[in-house]
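Participant: Below you will find the structure I want to go over with you.
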Amino acid sequence: MPNFLRMLLTGRDNFSWDIARVLMFLGGLVFLGCTLVSVLKTLQFDMDKFGYGFGALLGGGGAGIGAKAHAEPDAAPSPYITPPDDGEGGKP
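Start counting the sequence shown at 1; every next residue gets the next number (my numbering).
Structure below.
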């Protein structure tokens, strides 16, 4: 699970932390936590307000990540995927 979270919260290179993704993730947790506290305290839940708020959170976060996508470093080659053999046995 921690590897999944790291891949979720870092940029394309899976190394540098992306502040927009981290803040969106934390904002989502706080949003769901506040909703849970409100429901437990008042025993009421308004699906419209929840949907509008959660949609705004996801839409704004996605737009922010998309807007800065060109500034992210390129993905590093994966150590688990080997390049295809060119038929010459690795000779240049």
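Ideal placement from N, C-alpha and C gives every residue a C-beta, glycine not left out.
Say whether the region 59-76 touches the region 31-42, bearing in mind that this needs 3 or more beta-carbon pairs closer than 8 Å, one atom from each stretch.
Facilitator: Segments in contact, no.
Participant: Determine which residues share a DSSP beta bridge with Thr10 and list them.
Facilitator: Answer is Trp17, bridged to Thr10.
Participant: For the alpha helix (DSSP H) containing Val48, name the first residue and the last one.
Facilitator: Checking the displayed sequence, the identity of residue 48 turns out to be Asp instead of Val. From DSSP, the alpha helix (DSSP H) with Asp48 extends over 47-67.
Participant: With DSSP run on the structure shown, which of helix, strand or coil describes Leu43?
Facilitator: Leu43 falls in the coil class under three-state DSSP.
Participant: Just to confirm, is the Cβ distance from Gly61 to Ala20 under 8 Å?
Facilitator: Yes; because the gap between Cβ atoms is below 8 Å, this pair is in contact.
Participant: Taking the straight line between their C-alpha atoms, what separation do you get for Val39 and Leu26?
Facilitator: Cα to Cα, the separation comes out at about 20 Å.
Participant: Using 8 Å for Cβ pairs, my map puts Gly28 next to Leu57. What's the rounded Cβ distance?
Facilitator: About 6 Å; that satisfies the 8 Å criterion.
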